[in-house]
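Residue numbers (our numbering): 3 to 311. All residues carry an ideal CB built from backbone N, CA and C; glycine is no exception.
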Ligand SMILES: Nc1ncnc2c1ncn2[C@@H]1O[C@H](COP(=O)(O)OP(=O)(O)O)[C@@H](O)[C@H]1O
Ligand SMILES: [Mg+2]
């Protein structure tokens, strides 16, 4: 388990991170969300023992990250921002070097190397210099060094940043596959990533936590959460707006391209059915009808607006 209390970092007079406090147990995949400069990397550097906090502490399975750093760091795999590696080495040479640094020997060393290479699908590039690899492969080499010693805690700083959609998908799948019995903390400013891989989301802005909950609870903060959108090409939008606007419990019916979004006064599970029934009764041709889950980008903006640096 990882326990973080009142973690704070000042650079000169400027607070890069203030009073970060949380606990995580195995199985939790925490997403650090936030605009550039929010303090995500600073937090991760302190969680992994690379940067000394101005105040506060980090405990990993009871070991203090500063007083007992070797023990604490043994639990941790870390992918720093940009996935740095020794460019002139080959993936095999690099991973062997990391295996030695992590103190792996004998059969365990051979097994961990083989498993990691398989999980990260690195077989075809093992002998090629890292500097000549594609971004996707480089990132997989970075992830491979992080998971090589089979750590309990994985800390991944923007693991999918700069990758194409297929590579992003692959990396997310790998993270999900790894995480059943581990603690994972992944930073991102990519919102779909949070719903795709995380079961807890913490939004940071200007070094402070502005929201902490499930990705669903973040979605539920969106005004669109629970709204119903109806698209119809057979009736006029004005007519639809008037009719659906008078359904009991509807707060507002807002025209959009080709349809209407209907916002309830309160979250109402029967709104979809009510709108469908009205549409059928009126004989409108329903092109599409769906419940909105929420718009994470809007929630993100409203929580962090004007706070990019
Ligand atoms: N070594 C440093 N010296 C001074 N300021 C820094 C240093 N590293 C980061 N900062 C500042 O701390 C803040 C948080 O940065 P960072 O943790 O990198 O944010 P994020 O990873 O969320 O983009 C930013 O304002 C950044 O400019
Ligand atoms: Mg960063």
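Query, Result
"Three-way DSSP call (helix, strand, coil) for residue 79 in this model", "strand"
"Cβ contact check for the segment 200-212 and the segment 36-44: 3 or more pairs under 8 Å", "yes"
"Residue ranges of each alpha helix (DSSP H) within the segment 113-188, 4 or longer", "137-149 and 167-180"
"Assigned exposure category for residue 292 - 16 Cβ within 10 Å defines buried", "exposed"
"Strand pairing of residue 12, partner residues [DSSP]", "17"
"Other residues of its chain near residue 267: CB distance less than 6 Å, five sequence neighbours each side excluded", "251 and 253"
"Residues near residue 204 in its chain [Cβ-Cβ closer than 8 Å; skip 5 each side]", "24, 32, 33, 34, 35, 211, 213 and 214"
"Check: residue 42 C-beta below 6 Å from any heavy atom of ligand 2", "yes"
"Start and end residues, beta strand (DSSP E) containing residue 33", "31-35"
"N- and C-terminal bounds of the alpha helix (DSSP H) containing residue 275", "273-284"
"Contact test: residue 83 Cβ vs ligand 2 heavy atom, cutoff 6 Å", "yes"
"Sequence-distant residues of its chain with Cβ nearer than 7 Å to residue 30 (five each side left out)", "185, 201 and 202"
"Any non-hydrogen atom of ligand 1 within 6 Å of residue 13 CB", "yes"
"Of the residues 102, 149, 101 and 134, the one placed nearest residue 176, counting alpha carbons only", "149"
"Cutoff 7 Å; reference residue 164; Cβ partners in own chain excluding five residues on either side", "137"
"Contact under 7 Å by Cβ, residue 280 with residue 245", "yes"
"Per-residue DSSP class, three states only, for residue 214", "strand"
"Straight-line Cα distance separating residue 131 from residue 154", "29 Å"
"Those residues which DSSP pairs with residue 259 across a bridge", "In the DSSP output, where bridge partners are listed per residue, residue 259 has none listed."
"Helix, strand or coil at residue 270 [DSSP, three-state]", "coil"
"Helix, strand or coil at residue 108 according to DSSP, with G and I counted as helix", "helix"
"Those residues which DSSP pairs with residue 66 across a bridge", "61"
"Assigned exposure category for residue 86 - 16 Cβ within 10 Å defines buried", "exposed"
"Delimiting residues of the alpha helix (DSSP H) encompassing residue 232", "Careful: residue 232 lies outside any alpha helix (DSSP H), inside the beta strand (DSSP E) at 230-234."
"Inter-residue Cα distance where the pair is residue 107 and residue 114", "10 Å"
"CA-to-CA distance, residue 181 to residue 287, given in whole angstroms", "46 Å"
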